[in-house]
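Residues 1 to 278 (full-length UniProt numbering) are what the sequence shown spells out, left to right.
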Amino acid sequence: MSKQIDEMLATNAAQKRYYEVASGREVSTENSGATNLWRRLRERALGAVKVSTSSKALTPLHRQWMGDLSNLKVLELGVGTGSALSVELATAAREYIALDLSQQRIDKLAKKLAKGGGGEPRLYVADFLSASEFPEADFDIIYALSVFHHFEHFEAFLDLVDRKLAKGGRVITYDPVQIWWPIRALRAIYRPFQTDSEWEHPFDAASLRAIEGRFDVVACQGLLTRAKWAAIIAVLAPKLGARLGQKWHADDMARSTTPRSLRRSLHASYLLRKRETH
Numbered sequence: 001m002s003k004q005i006d007e008m009l010a011t012n013a014a015q016k017r018y019y020e021v022a023s024g025r026e027v028s029t030e031n032s033g034a035t036n037l038w039r040r041l042r043e044r045a046l047g048a049v050k051v052s053t054s055s056k057a058l059t060p061l062h063r064q065w066m067g068d069l070s071n072l073k074v075l076e077l078g079v080g081t082g083s084a085l086s087v088e089l090a091t092a093a094r095e096y097i098a099l100d101l102s103q104q105r106i107d108k109l110a111k112k113l114a115k116g117g118g119g120e121p122r123l124y125v126a127d128f129l130s131a132s133e134f135p136e137a138d139f140d141i142i143y144a145l146s147v148f149h150h151f152e153h154f155e156a157f158l159d160l161v162d163r164k165l166a167k168g169g170r171v172i173t174y175d176p177v178q179i180w181w182p183i184r185a186l187r188a189i190y191r192p193f194q195t196d197s198e199w200e201h202p203f204d205a206a207s208l209r210a211i212e213g214r215f216d217v218v219a220c221q222g223l224l225t226r227a228k229w230a231a232i233i234a235v236l237a238p239k240l241g242a243r244l245g246q247k248w249h250a251d252d253m254a255r256s257t258t259p260r261s262l263r264r265s266l267h268a269s270y271l272l273r274k275r276e277t278h
């Protein structure tokens with residue numbers, strides 16, 4: 001286990017260097033030509049289903065999952081420059097802690113929180129895996145948007161998440177899934193040329209089993225389940241793809257709410273609870 005943590009710490013050091021100068025979504029001179037091409041094509045293909053691909057699509061649901069925060073200690077893990085809920089969390093929670101590998105991202109978050117005028121946040125530029133850099137624990141909620149899939153040795157990471165939770169603590173996640181065979185095949189072709197491949201590990205079936213085996217699944221939400229087909233249609237018929245994307249996104253939000261449905265989705269969000277030990 002220690003060896004696996006050490007390997008991920010080394011990967012995170014490289015990830016930190018990257019995120020100090022680049023973004024995980026945008027075209028950058030730090031990227032290979034293949035990585036920039038992939039990102040351009042991805043944005044074009046998914047343009048018809050932007051309502052599904054934005055993490056903000058889940059903001060109302062995540063707010064509902066969190067409930068009253070007034071007596072809770074909340075960690076926003078891998079916060080970047082902040083989520084749609086960061087200011088709200090900092091204001092509403094008893095304790096709000098935000099952590100990211102990147103100094104420049106935390107600096108931007110600090111300005112955003114100061115402008116929002118909420119609470120007394122504690123901001124860390126640190127590695128979640130390092131006990132010396134990040135000794136905080138006993139979290140009532142860990143909120144992690146597009147974070148969990150960055151850890152190669154997933155079981156070791158989940159073990160640490162579990163230990164960091166308070167009794168009855170909850171985790172809210174949002175990550176890409178690559179079980180659908182066309183996207184799995186495309187990613188396999190692209191991966192040898194991918195600049196950030198060291199820390200990009202979209203969920204496969206084993207990842208979902210690991211999560212569901214470690215925590216109690218209180219609720220879940222799949223995105224781009226049916227709506228993924230709108231992205232394909234939009235390549236040939238953009239207006240039709242956009243119209244169907246809106247319709248099918250609403251259908252996904254209503255129907256893709258079981259662990260089984262996540263296996264057909266391209267993005268997955270979980271509300272998890274720490275299991276009781278007897």
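Just so you know, even glycine gets a beta-carbon here, dropped at the ideal spot from N, CA and C.
Alpha-carbon spacing of Phe134 relative to Lys112, whole angstroms: What you label residue 134 is simply residue 134 of the sequence shown in a count that begins at 1. What you label residue 112 is simply residue 112 of the sequence shown in a count that begins at 1. Answer to the nearest angstrom: the Cα atoms are 22 Å apart.
Can you find the residues in the same chain that come closer than 7 Å, C-beta to C-beta, to Ala110, ignoring five residues on each side of it along the sequence? Here residue 110 corresponds to residue number 110 of the sequence shown, with the count starting at 1. Closer than 7 Å at the Cβ level, and outside the excluded window around Ala110, lie Leu123.
Look at Gly245 and Ala230 and say whether their C-beta atoms are less than 7 Å apart. For this step, residue 245 is matched to residue 245 along the sequence shown. For this step, residue 230 is matched to residue 230 along the sequence shown. Cβ atoms of Gly245 and Ala230: closer than 7 Å.
Do Leu89 and Tyr96 count as a contact pair if the criterion is CB distance below 7 Å? Numbered from its first residue, the sequence shown carries residue 96 at position 96. Numbered from its first residue, the sequence shown carries residue 89 at position 89. Yes.
Take residue 296 and list the residues in its own chain whose beta-carbon comes closer than 6 Å to its own, dropping the five residues that flank it on each side. Here the chain covers residues 1 to 278 and nothing more, so residue 296 does not appear.
Could you tell me which residues DSSP pairs with Phe203 in its beta bridges? One-based indexing of the sequence shown puts residue 203 at position 203. BP columns for Phe203 point to Val177.
Do you know whose CA, among Glu136, Val27, Leu186 and His267, lies nearest Leu224's CA? Counting from 1 along the sequence shown, the entry for residue 224 is found at position 224. Per the Cα distances, His267.
Figure out for me which residue from Pro238, Ile211 and Asp252 has the closest Cα to the Cα of Ala227. To locate residue 227, count along the sequence shown from 1; it is residue 227. The shortest Cα separation from Ala227 among Pro238, Ile211 and Asp252 belongs to Asp252.
Helix, strand or coil at His249 according to DSSP, with G and I counted as helix: The residue you call residue 249 lines up with position 249 of the sequence shown. In the structure shown, His249 sits in a helix (DSSP, three-state: H, G or I).
Am I right that Val217 and Tyr270 are in contact with their C-beta atoms under 8 Å? What's the rounded C-beta distance? For the purposes of this step, residue 217 is identified with residue 217 of the sequence shown, where counting begins at 1. For the purposes of this step, residue 270 is identified with residue 270 of the sequence shown, where counting begins at 1. So it is a contact: roughly 6 Å between Cβ atoms.
Inter-residue spacing [alpha-carbon to alpha-carbon] between Arg263 and Pro176: The residue you call residue 263 lines up with position 263 of the sequence shown. The residue you call residue 176 lines up with position 176 of the sequence shown. For Arg263 and Pro176, the distance between alpha carbons rounds to 11 Å.
Helix, strand or coil: which one does DSSP assign to Gly168? Counting from 1 along the sequence shown, the entry for residue 168 is found at position 168. Three-state result, Gly168: strand.
So if DSSP puts Lys73 in a beta bridge, which residue, or which two residues, is it bridged to? To locate residue 73, count along the sequence shown from 1; it is residue 73. Paired residue(s): Glu95.
The stretch 62–80 touching the stretch 131–151, judged by at least three CB pairs closer than 8 Å: yes
Taking its Cβ as the centre, do 16 or more other Cβ atoms sit within 10 Å of Lys247, making it buried, or is it exposed? Counted from its first residue, the sequence shown places residue 247 at position 247. Under this definition Lys247 is an exposed residue.
Element boundaries [alpha helix (DSSP H), containing Gly116]: In the sequence shown, residue 116 corresponds to position 116, counting from 1. It spans Gln103 to Gly116 - the alpha helix (DSSP H) in which Gly116 sits, taken as one unbroken run.
Gln194 lies in the alpha helix (DSSP H); which residues open and close that run? Position 194 of the sequence shown, counted from the start, is the residue given in the question as residue 194. That residue, Gln194, is in no alpha helix (DSSP H); it is neither H nor E in DSSP.
Give the C-beta separation of Val171 and Phe203 to the nearest angstrom, bearing in mind that I take them to be a contact with Cβ-Cβ under 8 Å. Mapped onto the sequence shown, residue 171 falls at position 171. Mapped onto the sequence shown, residue 203 falls at position 203. Incorrect: roughly 14 Å between the Cβ atoms, too far for contact.
Following the continuous alpha helix (DSSP H) through His62, name the residue where it begins and the one where it ends. Sequence index remark: in the sequence shown, residue 62 carries index 62 (1-based). His62 -> alpha helix (DSSP H) spans Thr59 to Met66.
Could you name the residues of the same chain whose beta carbon sits closer than 7 Å to that of Ile179, not counting the 5 residues immediately before and after it, in chain order? Residue 179 sits at position 179 when you count from the first residue of the sequence shown. If we look at Ile179 and ignore the five residues flanking it on each side, its Cβ neighbours are Asp204, Ala205 and Arg263.
Do Arg191 and the ligand MG come close, with the Cβ less than 6 Å from some heavy atom? Ligands displayed in this structure: none; no statement on the ligand MG is therefore possible.
Leu61 and Gln221 look like a contact to me (Cβ under 8 Å); what is the Cβ gap, rounded to whole Å? Residue 61 sits at position 61 when you count from the first residue of the sequence shown. Residue 221 sits at position 221 when you count from the first residue of the sequence shown. So it is a contact: roughly 6 Å between Cβ atoms.
Considering only the alpha carbon of each residue, which of Glu20, Ile232, Glu200 and Pro259 lies closest to Ile211? Counted from its first residue, the sequence shown places residue 211 at position 211. Nearest of Glu20, Ile232, Glu200 and Pro259 to Ile211, Cα basis: Pro259.
Please report the straight-line C-alpha distance between Ala242 and Pro121, rounded to a whole angstrom. For the purposes of this step, residue 242 is taken as residue 242 along the sequence shown, with counting starting at 1. For the purposes of this step, residue 121 is taken as residue 121 along the sequence shown, with counting starting at 1. In a straight line, the C-alpha of Ala242 is about 39 Å away from that of Pro121.
CB contact check: Ala230 to chain C, cutoff 7 Å: In the displayed structure, chain C is absent; only one protein chain is listed.
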